[in-house]
Every structure is written in structure tokens, then in C-alpha cells.
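Here the structure comes first, spelled out in C-alpha cells, and everything after it is commentary.
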Amino acid sequence: MTPIRQRSVFVFGASLLLVGCFGASTLDLEETRAPPVAVDPEPLPIEEGGPGVIPEDDRLKGAGGRDLTEFWEQLTVPYSANVKMLTFDMMKAEVKRTTGSSWVVAGTDQWESNRAAFGGANYTTTFTEDITPSPQKILLWRKMAYQVCLDAVVRDAGKASRVVFTDVDPGVAISTSNAAVNAQVAGLYQRFFLEEPTPQDVTRASGLLAAAFADGSDPKEAWRALCVGYLASMKFLSY
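Sequential numbering of the sequence shown, starting at 101, is according to my numbering.
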């Protein structure tokens with residue numbers, strides 16, 4: 101066998117070996133490749149219950165499927181972390197607006213000494229107002245309300261010109277059949293809450309006033325009780 105023939109045989113043998121190791125040649129692959137098969141995309145998962153259906157773990161559903169919002173409309177102020185009290189300066193301003201008085205005991209104004217207790221910033225060591233409700237703040241607020249309302253009643257009683265009790269003299273015996281008394285109740289409600297009272301609001305407040313008067317036969321204490329009821333309420337103190 102000539103050298104040229106030997107070289108041809110070697111190249112042919114090497115080609116067979118490569119084909120055996122790596123498969124068919126490029127030409128063969130192009131001729132035998134199967135056409136691509138269309139594959140449908142995998143469908144996206146469908147939410148349980150479908151669109152518009154409330155899932156079973158609805159957070160507004162209580163034990164036994166009870167709707168937790170059933171009585172929400174009856175709550176004037178929902179007690180939650182979202183309830184915010186007036187800031188310290190707003191407290192002072194609103195008490196002055198509604199009662200015409202500041203918080204004074206034995207001739208000394210009490211607001212500044214209770215700034216920290218009400219969450220007010222002093223802008224020296226504290227710079228952020230704490231307007232979250234707490235039992236301590238509510239108790240102190242009620243203490244303030246009793247004093248301020250007493251001062252307002254005493255100031256207006258027996259006077260021809262009055263600041264808060266413009267419809268009736270708070271020192272005169274109370275009769276709920278007196279139209280002026282009901283007008284004063286409605287006027288106080290509007291003064292404190294800046295909105296017209298409903299007939300039910302007037303009825304409840306008049307009942308409280310009559311009960312307080314019957315209990316002690318002191319009209320000033322009865323009007324003071326109504327004033328405190330309005331001023332110390334969360335409806336007044338929160339926003």
C-alpha cells in the first residue's frame with residue numbers, strides 16, 4: 101500500500117471514530133432534526149375562589165363566621181392604635197374655646213406643669229408630641245375637666261351676661277320641659293363638638309341633666325356634670 105493510500109485510510113478511520121463519539125455530522129443533523137413542537141405555556145395559578153370572592157381567612161370574619169364590623173357604626177370613636185389625642189397646644193386652645201377658662205387651681209395655671217404628662221414636647225429635651233391615649237392621660241384630663249367646668253358654671257351663674265350658658269342661668273332650677281334648657285343642651289353640644297346634635301343626643305343629655313339635678317338638687321352641679329361629660333369624652337379629646 102502506497103503512503104498516499106495509507107494516509108487516506110487513516111483519515112477515513114479517524115472520521116468514523118469522531119462520528120462514533122459525537123454523533124452524526126452537521127449535515128446529517130440538519131437532515132434528520134425533528135421539527136419543533138409547539139408547547140402551550142403553563143397556565144398561571146388561579147386564586148382560590150376566583151376573582152371577587154373573599155378568601156376563607158378573611159380578617160373581618162370572626163369565630164363562627166361572625167362579621168367583626170357588625171357593631172362598628174355604633175362606636176363613636178373606635179378604640180385602636182389609630183386613635184390620636186389632641187396635641188398639648190390644641191388641648192389648651194380647645195379648652196379655652198369651649199369653656200372660656202384656663203385650667204387654674206389656687207391661682208396657678210396647671211397646663212405647663214402637666215405638659216409632659218399630656219405628652220407635650222418641651223423643645224429642650226423632647227421634640228416630639230406623644231398623642232397616643234393612655235389611662236394616665238385620660239385620668240388627668242378628667243381631673244382638668246372637673247375643675248374647668250366648675251369654674252365655667254360658677255362664673256356664669258347668676259350673671260345677666262354669660263360666656264358659656266347663654267340660654268339659661270346655670271344657677272336656676274332645671275326643668276326639662278323648659279324649651280330654653282333643651283336649647284342650652286343643644287348649644288353646649290354644638291359648642292364642644294362643632295356639629296349639630298341629633299334629637300337622640302339632646303334626649304340623652306337632657307336625661308343626664310335631669311338625673312344629676314334630681315340627685316343633688318343643685319343646678320350648678322348638674323350643668324357641671326354635663327359639661328364634664330362633653331369635655332372629658334374621647335369624642336372631644338381625639339381626632
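Backbone N, C-alpha and C define an ideal beta-carbon position, used for all residues, glycine too.
Backbone secondary structure at residue i - three-state DSSP
| i | result |
| --- | --- |
| D301 | helix |
| T208 | strand |
| S306 | helix |
| E131 | At E131 the pLDDT is 49, less than 50, meaning the model places this residue with poor confidence; the figure from the coordinates comes in the next sentence. Helix at E131. |
| A217 | coil |
| E321 | helix |
| D315 | helix |
| W203 | coil |
| R262 | coil |
| T276 | coil |
| Y228 | The identity of residue 228 in the sequence shown is Thr, whereas the question assumes Tyr. The answer is coil: DSSP assigns T228 none of H, G, I, E or B. |
| I332 | For the sequence presented, residue 332 should be read as Ala rather than Ile. In this structure, A332 counts as coil in the three-state DSSP scheme. |
| E194 | helix |
Own chain partners of residue i with C-beta closer than 8 Å, once the 5 adjacent residues on each side are dropped
| i | result |
| --- | --- |
| V272 | P319 |
| V302 | N282, V285, A286 and Y289 |
| S338 | V177, V183, K184, M185, L186 and P233 |
| G235 | Reading off the sequence, residue 235 comes out as Pro, not Gly. Cβ within range, chain order: n/a, list empty. |
| L240 | N214, A217 and F218 |
| E229 | T187, F188, G219, G220 and A221 |
| I231 | K184, M185, L186, T187 and G219 |
Beta-carbon proximity list for residue i, same chain, < 6 Å, skipping 5 on both sides
| i | result |
| --- | --- |
| K161 | Reliability fails at K161, whose pLDDT of 48 lies under 50, so the model's placement of it is uncertain and the value that follows must be treated cautiously. Correct list: empty, nothing qualifies. |
| W203 | Q210, W211, M244 and V248 |
| G258 | G271 |
| D269 | none |
In DSSP terms, what residue i is bridged to
| i | result |
| --- | --- |
| M185 | S338 |
Same chain only: Cβ atoms within 7 Å of residue i, ignoring 5 sequence neighbours per side
| i | result |
| --- | --- |
| R324 | C249, L250 and V253 |
Segment limits, alpha helix (DSSP H) that includes residue i
| i | result |
| --- | --- |
| P270 | Element bounds for P270: n/a, residue is neither H nor E. |
| Y289 | A279 to F293 |
| I238 | P235 to D256 |
The region 279–299 / the region 254–266 touching (three or more Cβ pairs under 8 Å)
yes
On the three-pair Cβ rule with 8 Å, is the region 328–335 touching the region 236–247?
yes
Count Cβ pairs between the region 304–322 and the region 185–202 that sit closer than 8 Å; are there 3 or more?
no
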